[in-house]
Amino acid sequence: MRQRSELLTHIQNTTSQSCLPQFGKTIASRKNRDGVAGRFADPRVCQSMEVDLALIDHDDTLLNDVERYLTNTAKVHDVNAFSRLRSVPGIGTSLALVLLDEIPDLDRFPTVQDFAASARLVKWAKESAGQRHGSSGATIGNAHLTWACSEASVLFLRQNPPAQRALDHLASKPGKAKALSILAHTLGRAVSYRRKRREAFDMNTFLNA
Numbered sequence: 017m018r019q020r021s022e023l024l025t026h027i028q029n030t031t032s033q034s035c036l037p038q039f040g041k042t043i044a045s046r047k048n049r050d051g052v053a054g055r056f057a058d059p060r061v062c063q064s065m066e067v068d069l070a071l072i073d074h075d076d077t078l079l080n081d082v083e084r085y086l087t088n089t090a091k092v093h094d095v096n097a098f099s100r101l102r103s104v105p106g107i108g109t110s111l112a113l114v115l116l117d118e119i120p121d122l123d124r125f126p127t128v129q130d131f132a133a134s135a136r137l138v139k140w141a142k143e144s145a146g147q148r149h150g151s152s153g154a155t156i157g158n159a160h161l162t163w164a165c166s167e168a169s170v171l172f173l174r175q176n177p178p179a180q181r182a183l184d185h186l187a188s189k190p191g192k193a194k195a196l197s198i199l200a201h202t203l204g205r206a207v208s209y210r211r212k213r214r215e216a217f218d219m220n221t222f223l224n225a
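Once you know that position 152 of the sequence shown is 168 in this note's numbering, the rest is easy, because the numbers rise by one and skip nothing.
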């Protein structure tokens, strides 16, 4: 998935560097990739783009096969948890599979905040004799959960005006980068609640929390 994203980004960047107009539709979709390489006058650039597109097509086939297998496995393993995770806007099949696989047992986390710390969504507190002395352990925790929650926070905003307004409100003080981190943390907590309480996602409850 990351290689596919890098290849798509390379095509977009090369288009900008060549002073060509951007694509009218997303080239992440196979049906919108016809004629992409032919837009470049330099035959060497054209060849490079053809290689990128061939690799993307190959990745699409592999990812579809893996996703189909893992989805069928997830449905056998815990179909209800899988469905509840997918009820969160921005969490599709792939992210739901990552979250389902990386959180096999929420009972090992005494609180939601413990889960957030394990997912690297908050920093671990340095404490001694009940006194807090800053934070540490930026690399402690599950990097896969960090990636999944961060990715979900970006996708959560797409075609979601209420969430975009909430982000703008958050960004008014700490800035957009910090606001996205806060959103990833909040989504991580929502994921934890979905699993523990066996409830589907509710947008109003989430935005008013």
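Where a beta carbon is used, it is the ideal one built from N, C-alpha and C, also for glycine.
From a predicted model like this one, the values you see are computed outputs, not experimental measurements.
Excluding five sequence positions before and after A168, the CB atoms of its chain that fall closer than 6 angstroms to its own CB belong to G106, I107, L111, L203, given in chain order.
Counting other Cβ atoms within 10 Å of its Cβ, V67 stays below 16 and is therefore classed as exposed.
For D117, the enclosing alpha helix (DSSP H) has its first and last residue at 109 to 118. F56 carries a coil assignment under DSSP once its states are collapsed to helix, strand and coil. Across the structure, A179 and K212 are spaced so that their CA atoms are roughly 24 angstroms apart.
Contact annotation: L86 and A164 have beta-carbon atoms that are not nearer than 8 angstroms. Under the three-state reduction of DSSP, I72 is assigned to helix.
A direct Cα-Cα distance of roughly 34 angstroms separates A195 from L69. If you draw a straight line from the Cα of I43 to the Cα of S197, it comes to about 28 angstroms.
Closest in alpha carbon position to G54, among C62, N48, K47, is C62. Assignment of E215 by DSSP, reduced to helix, strand and coil, places it in the coil class. When only Cα atoms are considered, G51 and F131 end up about 47 angstroms apart. Ranked by Cα distance from A159, the first of S134, F98, E215, A193 is S134. A direct Cα-to-Cα measurement between A200 and A57 gives close to 42 angstroms. Residue environment for M219: exposed (fewer than 16 other C-beta atoms within 10 angstroms of its C-beta). In the three-state DSSP reduction, F131 falls in the helix class (H, G or I). A Cβ-Cβ distance of about 5 angstroms is found for the pair R205 and V128, placing them in contact under the 8 angstroms criterion. Here F222 has A206 as same chain residues with Cβ atoms under 7 angstroms from its own Cβ, once five neighbours each way along the sequence are excluded. By the neighbour-count criterion, in which a residue is buried when 16 or more other Cβ atoms sit within 10 angstroms of its Cβ, M17 is exposed.
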